[in-house]
Every structure is written in C-alpha cells, then in structure tokens.
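The numbering used here applies: residue 237 is where the sequence shown begins, and numbers increase by one.
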Amino acid sequence: MTKPLSIFVPLSNDKKAQKERNAAFFALFFIKILRGFGGHEREIVNWTMNDYVGMSVDTDVVAAFVSAAQNDGVGSGGTRNISGTTTRHILLEKTIADLHQKEAALIFTSAYVANSTAISILGRAFPDTIIFQMKKIMLR
C-alpha cells in the first residue's frame with residue numbers, strides 16, 4: 237500500500253520526494269470495486285473522495301478510530317445538535333485548540349455549517365456589517 241501523505245512533512249524541491257508525494261496522493265483516488273457475483277474486480281477513480289491528505293489511511297488515525305469504536309461502539313448516531321455533546325467532542329476541541337495554541341476551539345459538522353455560522357455571528361456581533369450574497373444567474 238502507498239504511504240499516506242502527511243500535512244506535517246514540509247514540501248521539498250527533491251524531484252524523487254515530489255514524485256512519491258504525487259503517487260501517494262493519486263493512489264487515494266483509485267479504489268477497487270466488485271462487480272456482480274463473479275467477484276470480478278476492477279479499478280475505478282473515486283471522484284467523490286474528500287481525503288485530500290490521506291488521513292483515512294494514516295496508521296495513527298486508523299488506530300485512534302479502532303480505539304474509539306471499541307470504547308464507544310459504532311454507528312452514525314446523530315449530529316451534535318441531536319445527540320448532544322460527548323467526551324469525544326470535548327477532547328477533539330481541546331486537541332485542536334492546543335494544536336493552534338488557542339484558548340478554545342469549536343468543531344462543526346461541515347464546512348458549510350461552519351461558514352454559515354461564522355457569517356451569522358459576524359452579522360450579530362457587528363450590526364453595521366453588510367453581507368453580500370452572490371447569486372448565480374442562469375441564462376436561458
């Protein structure tokens with residue numbers, strides 16, 4: 237298996253290292269799928285993947301995932317606003333705050349939710365703020 241990329245390893249001008257990084261990155265996009273009952277396997281490109289730096293195959297991340305599954309069980313459960321705040325939420329926020337040397341951190345369910353929340357809070361915190369919304373105009 238190709239080693240995952242690490243966001244903590246600085247980029248270098250070394251052509252060999254650059255080639256290895258590229259190979260590791262693009263290997264994440266290819267997945268094997270089974271077709272039918274015959275078990276015939278073929279490789280396809282996964283254009284829906286959001287794992288841009290290979291964290292889903294990082295050994296430390298996988299080990300943490302297995303540990304969490306053994307301690308907390310598995311299943312989608314619900315989002316934080318439905319299922320409530322758990323110890324995992326608190327630990328993750330503390331880890332992120334420590335990593336960025338901040339007093340606190342707040343995690344969101346998606347980038348969309350983070351952005352819409354930030355815009356809403358800025359609008360309330362600074363009442364004179366003007367927020368523009370760009371609309372795509374469809375030509376017929």
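We put the CB at the ideal spot given by N, CA and C, even for glycine.
Buried versus exposed call for residue i [16 or more other C-beta atoms within 10 Å across all chains shown]
i      : result
GLY290 : buried
Span of the alpha helix (DSSP H), counted from its first residue to its last, around residue i
i      : result
GLN306 : 295-308
GLY359 : 347-361
ALA333 : 323-335
ASN317 : 316-319
Residue of the options minimising C-alpha distance to residue i
i      : options                        : result
ALA300 : ARG316, ARG324, ALA340, ASN286 : ARG324
GLU339 : LYS371, THR345, LYS330, THR321 : LYS330
ILE343 : THR315, MET285, VAL310         : THR315
LEU328 : PHE362, LEU358, THR353, ALA304 : ALA304
PHE368 : ALA333, PHE362, ILE355         : ILE355
LEU349 : ASP296, HIS276, VAL293, ASN317 : Before going further, note that residue 349 is Val rather than Leu in the sequence given. The residue with the shortest Cα to Cα distance from VAL349 is ASN317.
ASN307 : ILE366, MET285, LYS251, THR322 : THR322
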